[in-house]
Every structure is written in C-alpha cells, then in structure tokens.
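In my numbering, the protein residues as written are 14 to 654. Structure first, commentary second.
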C-alpha cells in the first residue's frame, strides 16, 4: 500500500490533540520501569530504575536493538544525575496523533504519532530535580533529559550510552572523511590541537545489527547545547557513548568544557531511526523533524526550494548563468568564494570585486525570475544583522555561509542566530562545511540546506555515495553539489543524475565545476532533460529498492509525476524495481536514462534514453554498470479505468 493510502486510512487527530494523558502516583520503590510503545506495537523504548540508577533499552518486534544502557547528566560540581540515589517523583504518559505540513520536504504532510512516557526524578544527594522523556514512533525511538528546577545549571557531560548487541557494525566518519564499516569499539582516535581528541564519530551514525535490523543515530532539537558525537568506550566492545563537543569541529575556536543553561531546560533528543530493511531508514527520516520545534515563522511564502548554478566570478558569467538558469529551468545562480575578495583574508563582504557588477547581475536575474545567492566566509560575519539587511536591499535571495564552526554551545546558538537573522530579512541560508543537522529546518525553514558531509566535489567513490542516504541524509538536508559531466568523477553521469532523486536536497547545486558553454551542444548531454524536469521538494517519497553498500533506488512524486533515481556501487548489476507505488488504473510514460555500454572509465559510460509504457503492475529491470545509475521520469499517460 502506498504512503498516500496509509495516510488516507489513518485515524488522524487534527490539531495535535493529546490522547490518554495520565499521571500515576509517585513511584518511590528502588526498582521500577516504564516502556513507551510505538502505535504499531513494534518499537519499545524502556527506562529502568535499578538500585537508584537509570538505564534504558530498545527493542523492535521483540529483537534487541539496545541492551541495558546508562542514562545520566553530569554537572560541573561533580553531581551525576541518574547514576545513584535517584527516586521517581512523578509518572506521566500520553499518546499524540496529528499531522503537519512542512514548507518543503520529502512528503507533503508529516504524521506525528507516538506514545510518550516520562519520569520526573530527584537526585537524593543534591536535591536536583530532573526528568527523562521517552518517545516511541513507528519509525524509531527517542529520549531526552529535562532539568526541572528554576534557575540555572552548568552541564559538563552527558552520560548516555548505547550498548548494542554483539556483532554490531557502525559506519563511522569524522569531519569529511569517508565512511568506514567497523566494530563499535574500533572508532579511530582522531583530533587536532584545536579540535576534540578521542575515539569519535560524527552523527548521523549508521548502525547495522547482526539480527538484520538497521538504525541511524541522530540528534534533534539542539538549542543552547553542544553538538554531540559518538565515542567508542575503551574495554567495552559493543558500547558507544554520547560525547559533548568542547571545541569546534574543525579549524580554530574557543573551547567550552561546560554549558551554562537557564532552567527549566531540555536537552536535545537522542534519536534512533529504525528499520527492518536499509531503505526504511530513508523513509523514516522525518522522525528527526517530528522531534524538532514547529515552524517559528508566521510567513513562509517567500521560502522557495530550488536548483542552483554556480557562476564564475565576472559580470558576463553572472548574466550567462541567468540565461542558463532560464534555459535549464533552474531557480538560482550563485557567486561563490572570491566574489568580494580572497575569502580567508577579506573581512568585508559588502562590495564585489571589480570584475563583477553585482547590481547589473541581480537586476538581470530578478527580471528573469532567477534568484541570486552570495557566499560569505565566517570571518566576514562580524555584523550579520547589518550585512543581511544590506543583501536584502540589494535583492539577494540567499546566503551560503562557508567554513562554519560547529560543536560548542556558543556555536550552536550562533548558527541559530544566523538562521533567525536571515529569516528577518527573508533570506535563505545554506550552512557549509562541518555543520551537522538537528531538525531545525522545520523551525526555521529558511535554513534550507547544510553540508556536513564529504562533498561530491571531492569526487568520492560510488560506494561512499550510496551510503549517504542511510547515514548523513537521514539527519536532514544535504548540499552535495551534483558534478554532472565531470571527467574527474569516479561514477557514470547517470549515477550523478540519480543523486537528484535519491538524496533529499531542497537546495540542489547542479552542474558543479561547469559553465554554460559546456552544454551548448545539448545533443551531447542527454541527461539535461532529467535535470530540467526534476524538482527539489516533494509530495511523496518512497524507497523502492536498497541493499546497504550495494545499491539504492528512491522514487519521489511531485504532483502527478514520479522521479525514480537508482545508484550503484562499483559492481555492475541489474536490480528489479516494482512500480507498485504508481496509481493503479493509470498508465505512465517512462522516460528512462540508463547506462550504456560501460566505457573505459565510469565517466566514459554513455547515457542511453528510451521510453516505454508502464503501470503499477510493472517491474523495471534497472541495469547499472560499475559506479553507475539510472533515472526515470514517470508521467501519467492515460486512465484505464
């Protein structure tokens, strides 16, 4: 049954009514436990109080996802909330079932359906009151801490551990390294004098269990709190620990070993997106958004997802970029690093270099219905309010911020402030370099994209590319700069094309490293029609085939048209893709962009275009060469009753 059919048949309570709110008597016994269960009954997240210590565990369909794992927060005075002498002072539980409409997204509506359990607790030694919230969704589980007392607190560490069953594999990557499939206790020791040292991996973290289950660890709703990483635990083969960063992820910055917060205060959600199959992780990624605060903007009509073309740094290149955008159905052009001078030494981003007549380019773009993005390195952000106001007065549509530090409490709040300030001036914002997602594109949807990944402009392997939908992209939007037609690609052109459907990229930079003249002879570039047609925001999405580390195929619908993208690793194969997501009773014209006969390198493999008539009963044989792909546009042709 399609996702649309499921939603149509669901009992949805409009407006987010709370169902079954209950408060139990205070539970002061030494040992007790509570379990939140997903609406479908499959996911269970439990919290136990044993001997005055808090633990949590997770099961899916009766199979262990997390064994008994430690819970707790550490304060700067040495108090460890949750590790000893804890008592329960209040118990609450409720179920919520509602839907909400994102400004842009993977689907036109998102269902927010969960059961929540909550304990209010007290640390007997210090008297500090705190709480732990558990939520269980059909798509995964989450928990977070609440400091209940009024005043302030200084947090020095989070003690949350993740004890997976034996033979678990994690896909670890830090900063812009490629993913490595390793045991939980084998995360490599990394760091520099200006970054955190440790056995550390970035989030989102992909996890595969020996039972056949899949999980991605994410965080959501990070505010006034450091970014979290995941650390191996010395001497414990299957245990990971939440690590609160004290320094920026990369480059220089001020260290913060503690975080002072105003209480009551809620920490970010610790999230496990779950699935029986690898593709479930892609389809269940909206869990991160459900846990984030609702949209804070009263007017979002000006927020437009779209496709972007980066221009060379001249006036003529800018106007040619606009013409190319019009011809190729793109929404924005961008001037990247260097438009106001050398980015690492120029702190004034208020005037363009002499080679660019920026008012002329912006006026020309505006007259042709094309928006303009400008890149700004962080060292030029000394007065963002004034700078963003100036850009608004120029008619700029968006800003791409470069080399953003992310990691400390201060940087979390700075990033949010930039998003808020950009929204004040109705500017889109794309945060680049090692910024990691936490669901805030729901709260400030003008924060339309971020990088936080080994960029495609570094020409990574096909294997790396097909891990991203299950890992980094589960956490949120991903700016991955599609490098169509580049001889340095380690993939076929069709592999690059399919990224536009496989990845969730509401702001999609296309034709990276190219210029309009490269595509002057359109007959040489059969993939242009695919990029012309595909949008970047969707009414419905579904993963139709996936095998972790081997291939992935995702179908996304805009209006009545479906776009199917399939990507392959370095082993040529044919994948059967059923089209049962199509409307029954309707025939569709499938325009297929397929790999031709394999070339001497993947890049040399041609694209072959064909058409056929298909229905919801059709199964496509998707043939892909080494590091290849396939893209299919499915347009309704007729109704057959």
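No residue lacks a Cβ here, since even glycine has one placed at the ideal position from N, Cα and C.
Within a 10 Å sphere around the beta-carbon of residue 503 sit 16 or more other beta-carbons, which makes this residue buried.
For residue 375, the CB contacts under 8 Å within the same chain, skipping 5 residues up- and downstream, are 385, 407, 408 and 409 in chain order. For residue 79, the pairing in a beta bridge is given by DSSP as 71.
Excluding its 5 nearest sequence neighbours in each direction, residue 627 has C-beta neighbours in its own chain below 6 Å: 592, 601 and 603, listed in chain order. In the three-state reduction of the DSSP assignment, residue 130 falls in the strand class, which pools E and B.
The Cβ-Cβ distance between residue 484 and residue 580 does not fall below 9 Å.
Judged by DSSP in its simplified three-state form, residue 213 adopts strand. Put simply, of 557, 138, 597 and 537 the residue whose alpha carbon is nearest the alpha carbon of residue 619 is 537. Inclusion of residue 134 and residue 102 in the CB contact set at 9 Å is warranted, their separation being smaller than that value. When the beta-carbon positions are compared, residue 551 and residue 121 come within less than 9 Å of each other.
Counting along the chain, residue 455 sits inside the alpha helix (DSSP H) bounded by residues 453-456.
Its chain contains 184, 185, 186, 219, 477, 480 and 484 as the residues whose beta carbon lies nearer than 8 Å to that of residue 192, once the 5 sequence neighbours on both sides are disregarded; these appear in chain order. For the pair residue 157 and residue 271, the Cα-to-Cα distance works out to about 18 Å.
Counting only the Cα atoms, residue 505 lies some 15 Å from residue 525. For residue 141, the three-state secondary structure derived from DSSP is coil. Taking a C-beta distance under 9 Å as the contact criterion, residue 561 and residue 291 qualify as a contact pair.
With 16 or more other Cβ atoms inside 10 Å of its own Cβ, residue 245 counts as buried. Residue 149 and residue 163 have their C-alpha atoms some 28 Å from each other. Judged by DSSP secondary structure, residue 413 falls within the beta strand (DSSP E) whose first and last residues are 411-415.
Counting along the chain, the unbroken beta strand (DSSP E) around residue 575 starts and ends at 574-581.
In the structure shown, residue 66 adopts extended strand secondary structure according to DSSP, grouped into three states. The C-beta distance from residue 306 to residue 234 rounds to 6 Å, short enough to meet the 8 Å contact threshold. Runs of the alpha helix (DSSP H) spanning 4 or more residues and lying entirely within the segment 326-370 occur at 328-340, in chain order. Residue 391 and residue 411 have their alpha carbons spaced roughly 15 Å apart. Secondary structure note for residue 508: its alpha helix (DSSP H) is the uninterrupted segment 506-515. When the Cα atoms are used, residue 641 and residue 589 turn out to be separated by approximately 15 Å.
Per DSSP, residue 392 lies in no alpha helix (DSSP H) segment and is marked neither H nor E.
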